[in-house]
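Here is the structure we will look at, set down as structure tokens.
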Amino acid sequence: MTLVETPSIADQPRYDCRDAYVETLAQLAEADHRIVGVVNDSVGSSKLNSFRKAFPDRLINVGIAEQDMVGVASGLANGGRIPFVSAASCFLTGRALEQIKADVAYSNTNVKLCGMSPGVAYGELGPTHHSIEDIAWLRAIAGIRIIVPADPIETAAALRWAAASEGPVFIRVSRMSVPKVYSEDYTFELGKAITVREGNDVTVISNGTVLWRALAAAELLAAEGISARVLSMPTVKPLDTDAVVAAARETAGIVTAEEAVSSGGLGGAVAETVVQHHPARVTILGIPEFAPTGSAGYLLDRYGLSPEGIATAARKLLH
Amino acid sequence: MTLTAEHATLPVLGRLPIHSSRAEQIGHIAEAAKQIRIQDLKLVHHAGAGHIGGDFSAIDILATLYGAVLDISPDTVNDPERDRFILSKGHVAGALYTTLAAFGFLPVEELATFLKPLSALNGHPNRNKVAGVEANTGPLGHGLPIAVGHALSAKLDVSLRRTYVLAGDGELQEGSNWEAMMAASQYQLDRLTVIVDRNRLQQGATTKETNDLDPLPEKAAAFGFAVVEVNGHDHGELLDVLSAVPFRPGKPTFVIAHTHKGHPISFMSNNVAWHHRVPDAAEFQQALRELESPRRELV
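Chains as they are written, first to last, in the working numbering: chain V, 249 to 567; chain E, 1092 to 1390.
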């Protein structure tokens, strides 16, 4: 007889988080007339066609004009609406950075910025379309909360939280398919890390599309007798300082792994925290350069963000 | 020398009775504009900083809006149905603060804190600190997109509230304005009014020498706006145009207000040096004399 093994996280079905995004946004809009979508011609790439059909007046398409898009969202919020801006993260954050700073964050307007297809999701389209800088750019701006969900459940939960909370939020919405990491009863809590796997030898801190890879890395390490703690850090800002300090204190070191530039993102936030509160060894995995051509999966693997790459970084910390 | 409470002597002007005549309204605006200029002169002189040229360019427009056009008062400053005014040329914050004080939105004594440490009265306005400010502006080209968003919210609400935005002419060199104008036209935001303070001077030179905006009326019309040109220092013309929104049903309105930077001070008017120069003691006294002269030519 053949033993049925518990499948690895890597073998689970995969989901496009944009589907959870549009489904949740429609539910929220159904329940609250204040919610509107704002897009830069990005209806299709945001998968918002069904939303537009259900709420034709409430999907505002300003065309290919990101500065205007974010300013318009700020004005809509001034009028009592709750705008969810939905645009490719590279253009939303890059082209409208000053509007995000002045009209949204500094003005403290109730605008929800949803960066679609972030990281290297647009793999072969090249670095102009990669959005690896978005987190670092926005981390430098006061007053904006940064959330990087890891799966469709967390994407939906973060959206529900954002709709119910007052003030500026940036949420990354992945188009790279990912397995479910969380159970259906998951509730998002701002600024809280989730221990998705207990462990005492070494800690991996991750979020977004890389979190499941971190879990798969922990499976590889467990097979070698290494106990890796995996912390999910969906909120990059404000960071869960306590969880980071505990990891620094209780394990031999920390590996951060994210689909973002390897300076100024989650890794930077963790390193800043560790240095100030409990110095420890930290290895930052991310994308350190303008990437060559290749698919998103290829690029993540290339920069050590594969399960084996993350496991290798963790092993090095132990020696 | 710093501004103190004794320099903040602006009389607070109430709202006119609803059925005031046009002549009464114009008189009210003229008195407000005069008092705002005198107080703003003190503000900039004593603070040792500010943008007095742009302030004086815009004060007749601000006095007209707050004196007789905008459906907003200190009591309705948070009313969802209030009209909105967004100052896109945020560097003339001094003129806006003084106007808000003149109409009772801001305690007159608070003007004495202008630019001082921890004051709510920053060099550029902050909506979270100053009642009556609708948007944190300063970087140019931001006000019009925000105004479009607000006008869209009013349209979604099927509300009659109106949105006014005051932009500098040099500011129109920012592309975000033209993005916003396309959207305003596309969405037929006919309760949105853009007022351009057309003084033809930017920080260091004329707009024509820098990045010419003309033919501005034709450009605005090509972007789908109903275009009106007025003398931006004539309170009657301003009142008539700004009260007549929508100027053309289905179209947003683009008011080109022809103004002079530094108006009406003899040595400041239309002088590019007065973008952010601060009057010294002699200049302050002369400007004050000119403003207080009862026979001062308005235009």
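A virtual CB, placed ideally from N, CA and C, is assigned to each residue, including glycine.
In chain E, which residues lie with their C-beta within 9 Å of the C-beta of residue 358(V)? Those do not exist, as residue 358(V) stays about 12 Å from chain E at its closest Cβ, beyond 9 Å.
Considering Cα atoms alone, identify which of 296(V), 273(V), 439(V) and 539(V) is closest to residue 360(V). 273(V)
Is the shortest distance between the beta-carbon of residue 322(V) and the beta-carbons of chain E less than 9 Å? yes
Roughly how many whole angstroms lie between the Cα atoms of residue 268(V) and residue 311(V)? 24 Å
Candidates 552(V), 398(V), 288(V) and 322(V), of which the one nearest residue 454(V) by Cα: Checking every option, the nearest Cα to that of residue 454(V) belongs to 398(V).
Compare the C-beta of residue 289(V) against all C-beta atoms of chain E and say whether one is closer than 9 Å. no
Are three or more beta carbon pairs between the segment 1292-1301 of chain E and the segment 1309-1325 of chain E nearer than 8 Å? no
Is the number of C-beta pairs between the segment 1342-1354 of chain E and the segment 1145-1154 of chain E that are closer than 8 Å three or more? yes
Pair within 9 Å by beta-carbon distance, residue 1339(E) and residue 1238(E): no
Kindly provide the ranges of any beta strand (DSSP E) runs that are 3 or more residues long and lie completely inside the segment 350-414 of chain V, ordered along the chain. 360-364 and 393-395
Give the secondary structure of residue 303(V) by DSSP, where H, G and I count as helix, E and B as strand, and everything else as coil. coil
Reduced DSSP secondary structure (H/G/I, E/B, other) of residue 528(V): coil
C-beta neighbour in chain B for residue 331(V), strict 9 Å: The question asks about chain B, but that chain is absent: this structure's protein chains are V and E.
Is the CB-CB distance between residue 366(V) and residue 508(V) below 9 Å? yes
Is residue 1228(E) close to chain V, meaning its C-beta is less than 9 Å from at least one C-beta of that chain? yes
Which runs of the alpha helix (DSSP H), 4 residues or longer, sit entirely within the segment 312-357 of chain V? 314-326 and 337-343
Do the CB positions of residue 294(V) and residue 355(V) come within less than 9 Å of each other? no
If we define contact as Cβ-Cβ less than 9 Å, is residue 1290(E) a contact residue for chain V? no
Please state whether the Cβ-Cβ distance between residue 259(V) and residue 330(V) is less than 9 Å. no
Determine which residues of the segment 385-412 of chain V have a Cβ less than 9 Å from any Cβ of chain E, and write them out in chain order. none
As a quick exercise: from 1123(E), 1188(E) and 1138(E), pick the residue whose alpha carbon is nearest that of residue 1095(E). Scanning 1123(E), 1188(E) and 1138(E) for the CA closest to the CA of residue 1095(E) turns up 1138(E).
Please state whether the Cβ-Cβ distance between residue 551(V) and residue 539(V) is less than 9 Å. In this structure, residue 551(V) lies near residue 539(V), with their beta-carbon atoms less than 9 Å apart.
Residue from 419(V), 409(V) and 417(V) whose Cα sits closest to the Cα of residue 435(V): In terms of Cα proximity to residue 435(V), the closest of 419(V), 409(V) and 417(V) is 409(V).
Using the C-alpha atoms, what's the distance from residue 558(V) back to residue 462(V)? 7 Å
Can you give me the Cβ contacts of residue 1357(E) inside the same chain, cut-off strictly under 7 Å, excluding the 5 residues immediately before and after it? 1381
Reduced DSSP category for residue 1288(E) - H, G, I as helix; E, B as strand; rest coil: strand
Just the Cα atoms here: how many angstroms apart are residue 298(V) and residue 271(V)? 9 Å
Round the Cβ separation of residue 1116(E) and residue 1330(E) to the nearest angstrom and send it over; I've been treating them as touching at under 8 Å. 6 Å
Alpha helix (DSSP H) runs wholly inside the segment 1095-1171 of chain E, at least 4 long, in chain order: 1113-1138 and 1143-1155
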